[in-house]
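Colleague: Here's a structure for you.
There are 2 protein chains.
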Amino acid sequence: MDPVGFETHDHAHCMASALAKAEEECAEKGLQLTPVRRRVLEILLEQHRALGAYDVLEHLRAEKLGSQPPVAYRALDFLVSHGFAHRIERLNAFIACSHPGERHAPCFLICRECSAVVEAPGRQAAQALREAAAQLGFGVERVAIEAEGLCPACGPAA
Amino acid sequence: MDPVGFETHDHAHCMASALAKAEEECAEKGLQLTPVRRRVLEILLEQHRALGAYDVLEHLRAEKLGSQPPVAYRALDFLVSHGFAHRIERLNAFIACSHPGERHAPCFLICRECSAVVEAPGRQAAQALREAAAQLGFGVERVAIEAEGLCPACGPAA
DNA sequence: TTGTGTATGTTACATTGTAACGATAAACAA
DNA sequence: TTGTTTATCGTTACAATGTAACATACACAA
């Protein structure tokens with residue numbers, strides 16, 4: 147799994163590929179990637195950072211695709227519940243998934259300086275969490291693993 | 147470390163002991179456990195569950211200890227920043243720390259049925275997170291590890 | 001056609017969180 | 001004592017985030 151780190155990357159390509167992946171998966175599973183849902187995913191991919199629901203809504207308004215909060219929340223819920231986007235609890239914000247299609251336990255690194263958010267491989271952390279929970283008889287269904295700190299560009303090295 | 151699981155326990159004792167611990171630590175470190183801060187900690191301990199800031203505020207209002215949101219948020223911020231309480235991002239809520247004084251990476255199990263929240267040992271999950279972050283050159287300062295699922299009482303066994 | 005289900009549109013409101021500014025109180029030096 | 005500093009507290013006013021409820025539109029099957 148490519149960690150999609152803090153380095154620069156071919157953004158146009160990553161967008162197009164994520165969008166194609168989403169379309170493919172929706173076709174497969176009979177999910178409806180409606181214009182609003184598709185556009186919200188595009189917005190998240192374009193921005194390539196965590197956006198609040200109201201940030202997304204502003205874009206939708208500007209494009210006459212919807213003007214009220216529920217429109218944005220519904221589209222975001224759809225994207226999140228099918229794994230095309232993730233919710234960052236810490237920020238009350240949403241971000242496009244970096245690895246659509248792959249089963250993965252998301253795990254986010256949030257830079258407190260530049261607000262960059264990166265999705266890191268979280269398999270091991272999630273597994274450790276499941277084990278700790280199992281010890282207490284707790285059955286984990288969903289996890290939210292988030293770290294706040296300094297990204298390479300903002301860190302002590304910089 | 148006693149996991150303080152989902153079992154029943156001597157609540158009066160756990161409250162008194164946590165409060166004593168907080169007083170001791172504040173005395174040591176020169177922190178001021180003022181009446182409002184102390185009372186908010188007591189409220190969290192009494193309830194023994196995650197409370198929203200406005201829930202706490204209601205108690206404060208009833209007791210004439212403060213009536214406006216900032217009063218509750220300040221006290222909660224104090225408690226959180228000194229490790230006497232934790233914020234549950236997922237719930238926008240706060241809970242008294244189950245292990246005051248001990249250095250620990252908090253990790254929370256949230257039951258989606260009964261809303262119980264339990265603090266589980268999260269050392270390993272936090273460590274895994276730190277390692278994954280280090281791979282990307284990210285320096286972790288704070289972590290939020292939260293799991294949603296079913297507690298033993300609400301689970302398939304029940 | 002008539003239902004049925006899904007998605008959308010909209011209103012109105014609930015909940016959560018903060019900036020800003022002044023008042024108060026304790027600690028301490030001049 | 002007086003002035004100064006610092007932390008805490010009180011309050012207003014508002015910003016930001018999220019949802020319940022109900023109406024509408026459209027596709028597709030019975």
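Protein sequences appear in the order of chains D and X.
Under the numbering used here, the first residue of the first sequence carries the number 147, and numbering increases by one thereafter.
Under the numbering used here, the first residue of the second sequence carries the number 147, and numbering increases by one thereafter.
From the three backbone atoms N, C-alpha and C, an ideal C-beta is built for every residue, glycine too.
#1: Would you check if there are 3 or more beta carbon pairs closer than 8 Å linking the segment 270-282 of chain D to the segment 154-163 of chain X?
#2: Since R254 of chain D is in the beta strand (DSSP E), which residue starts that stretch and which ends it?
#3: How far does the alpha helix (DSSP H) with A278 of chain D in it extend, from its first residue to its last?
#4: Measuring alpha carbon to alpha carbon, tell me which residue in D:P246, D:R249, D:L165, D:P215 is nearest E204 of chain D.
#5: So is V260 of chain X buried or exposed if we call it buried at 16+ other beta carbons inside 10 Å?
#6: With 8 Å as the threshold, decide whether the Cβ of E265 of chain X is near any Cβ in chain D.
#7: Counting pairs of Cβ atoms below 8 Å between the segment 193-200 of chain X and the segment 225-244 of chain X, do you hit three or more?
#8: Does the beta-carbon of H232 of chain D have 16 or more other beta-carbons within 10 angstroms, so that it is buried, or is it exposed?
#9: So that I know if they touch, is there some Cβ in chain X lying closer than 8 Å to that of P216 of chain D?
#10: What does DSSP give as the partner residues of F240 of chain D in its beta bridges?
#11: Cutting at 6 Å between CB atoms, please list the residues of its own chain near Y219 of chain X, excluding the five before and the five after it.
#12: Quick one: what's got a C-beta closer than 6 Å to G176 of chain X's C-beta in the same chain, skipping five residues either side?
#13: How about L177 of chain D: is its C-beta nearer than 8 Å to some C-beta of chain X?
#14: Taking just the CA atoms, how far does I291 of chain X sit from A271 of chain X?
#15: Is F240 of chain D close to chain X, meaning its C-beta is less than 8 Å from at least one C-beta of that chain?
#16: Counting only C-beta atoms, is L197 of chain X closer than 8 Å to chain D at any point?
#17: Using alpha carbons as the reference points, say which of D:G247, D:V286, D:A299, D:R276 lies closest to C172 of chain D.
#18: Does A158 of chain D come within less than 8 Å of chain X when only Cβ atoms are used?
#19: Which term fits R183 of chain D, buried or exposed, when burial requires 16 or more other beta carbons within 10 angstroms of its beta carbon?
#20: Measure the C-alpha to C-alpha separation of H250 of chain X and L237 of chain D and round it to an integer number of angstroms.
#21: Quick check on P246 of chain X - is its C-beta less than 8 Å from some C-beta in chain D?
Modeller: On the basis of the coordinates in this document:
#1: Contact between the segment 270-282 of chain D and the segment 154-163 of chain X is absent, because fewer than three Cβ pairs lie under 8 Å.
#2: Contrary to the premise, residue 254 of chain D reads as Phe rather than Arg in this sequence. Where F254 of chain D is concerned, the enclosing beta strand (DSSP E) stretches over 254-257.
#3: 269-281 is the span of the alpha helix (DSSP H), which, as asked, contains A278 of chain D.
#4: Checking every option, the nearest Cα to that of E204 of chain D belongs to D:P215.
#5: What sits at residue 260 of chain X in the sequence shown is Cys, not Val. Classification of C260 of chain X: exposed, given that the 10 Å Cβ count is below 16.
#6: Taking Cβ atoms only, chain D never reaches closer than 8 Å to E265 of chain X, which makes this a no.
#7: For the pair of segments examined, the segment 193-200 of chain X was found to touch the segment 225-244 of chain X: the number of CB pairs separated by less than 8 Å reaches three.
#8: H232 of chain D is buried by the Cβ-count criterion.
#9: Interface residue (Cβ-Cβ distance to chain X less than 8 Å): P216 of chain D is not classified as such.
#10: F240 of chain D is bridged by DSSP to D:L197, D:R233.
#11: Here the set comprises A199.
#12: Same-chain partners within the cutoff: there are none.
#13: Interface criterion not met: the Cβ of L177 of chain D is under 8 Å from no Cβ in chain X.
#14: Their Cα atoms are separated by approximately 8 Å.
#15: Interface flag for F240 of chain D against chain X is unset, since no Cβ pair is found closer than 8 Å.
#16: For L197 of chain X, the answer is no, since every Cβ of chain D falls outside 8 Å of its Cβ.
#17: For the set D:G247, D:V286, D:A299, D:R276, the Cα lying nearest the Cα of C172 of chain D is the one of D:G247.
#18: Not an interface residue.
#19: When all chains shown are included, R183 of chain D counts as buried.
#20: The straight-line gap from Cα to Cα measures roughly 23 Å.
#21: No, because no Cβ of chain D sits closer than 8 Å to the Cβ of P246 of chain X.
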